[in-house]
Amino acid sequence: MRSIKIFALAAGFVTAVMVLAAFIIPKAKAPEKNKMIADGKGFAVIELFTSEGCSSCPPADELVARIQKEDKDKQVYILAFHVDYWNRLGWKDVFSNADYSKRQNEYANWLNLQSVYTPQIVVNGKKEFVGSEEGTLRNAITAGLRTNPAAALTLNTQKGQDHITIQYRVNGAEKNTDLLLALVQKAAQTKVQRGENGGRTLSHVQIVRKMQSLALNAGGNGSTTIALPEGVNAQDWEVIGLVQNQNNGEILAAAKANFTATANMGK
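Here my numbering runs 1142 ahead of the position in the sequence shown, where the first position is 1.
Below you can see the structure in the form of structure tokens.
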């Protein structure tokens, strides 16, 4: 009988300890806001720095072309910046611009890089890598699409005879942010005559032909115009807008629009 009593007391003590532990063990914390979530509201801005004079660049151009086709229904925005520092080596890239080389150097400062190179990809202003690294690019896109955006951008465009008018609205932007508007030609081909790619016909997508940077006012809205090249076919061009922190290069929101539509992207 004594052994039975002792067993009963021990069982009761164990039960009491378990009940007490249920009250004192802390509950798991709720996930923090603005972290990676699979809600489909995120975006991925892919900036490719490339050149027709660079023999390592065609594989990167081909990669972003595949991504463009595969992710056409997702919030994936591709901007191909043709830099000009390869022009002195035998072939002048017709799409090159010193402003695009300047933008790449800005990323070198933001991301603490010792030098620039081609082909280079920067995703959402935060991660850079060699432009032909397919696995790295796909992982960066997935991460961007799962991240809740910090701001929201709306674009409304209207084509005139020789220009396009862009109305924009930004919500939730931080201080020290600018709006970058890029006029993008969706596709083109070039038969390269000289340089490292001499004799090749190169295909390009999402070529930035002009870009304009605007400081945001307190209300985050306004309008601007961009002059259009002659003979622009509206179906083959679009405008992509980026809201970017000028302190660290992070892209907070993105949107695109054709020449007659409204586009929204954000929280």
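Glycine included, every Cβ here is placed at the ideal spot set by N, Cα and C.
- Secondary structure note for A1292: it is in no alpha helix (DSSP H), with a DSSP letter that is neither H nor E.
- The three-state reading of DSSP puts E1276 in helix, counting H, G and I together.
- With contacts defined as CB atoms closer than 9 angstroms, L1279 and L1205 qualify as a contacting pair.
- Approximately 18 angstroms separates the beta-carbon atoms of Q1210 and G1184; this is outside 8 angstroms, ruling out the contact.
- Rounded to the nearest angstrom, the gap between the Cα atoms of G1302 and Q1256 is 43 angstroms.
- Assigned with DSSP and collapsed to three states, R1342 falls in coil, not helix or strand.
- Where V1326 is concerned, there is no enclosing alpha helix (DSSP H), although the beta strand (DSSP E) around it starts and stops at T1319 to K1333.
- Take T1260, set aside five residues on each side of it, and the residues of its chain with a beta-carbon closer than 6 angstroms to its own are F1191, T1192, S1193, C1196 and C1199, in chain order.
- The shortest C-alpha to C-alpha distance from V1350 to any of E1380, R1336, K1268 and E1372 is the one to E1380.
- Buried is the label assigned to G1337, since at least 16 other Cβ atoms lie within 10 Å of its Cβ.
- In this structure, DSSP gives E1204 a helical state, which the three-state scheme calls helix.
- With a threshold of 16 other beta carbon atoms within 10 Å, T1299 meets it and is buried.
- In the structure shown, K1268 adopts coil according to DSSP, grouped into three states.
- With a 10 Å radius around the Cβ and a threshold of 16 neighbouring Cβ atoms, D1203 comes out buried.
- For E1392 and I1306, the gap between their C-alpha atoms comes out near 27 angstroms.
- Excluding its 5 nearest sequence neighbours in each direction, R1311 has C-beta neighbours in its own chain below 7 angstroms: T1296, G1362 and N1363, listed in chain order.
- Looking only at A1357, H1224, L1370 and L1322, the smallest Cα-Cα distance to I1382 is reached by L1322.
- Counting only the Cα atoms, K1214 lies some 10 angstroms from A1207.
- Cβ-Cβ distances below 6 angstroms link S1345 to Q1331 in the same chain, with the five nearest sequence neighbours on each side left out; the list follows chain order.
- Distance check between S1238 and each of L1231, T1343 and D1226 places D1226 closest, using alpha-carbon atoms only.
- Residue nearest to A1222 within the set G1341, L1356 and V1326 is V1326 (criterion: CA-CA distance).
- In the structure shown, A1186 adopts extended strand secondary structure according to DSSP, grouped into three states.
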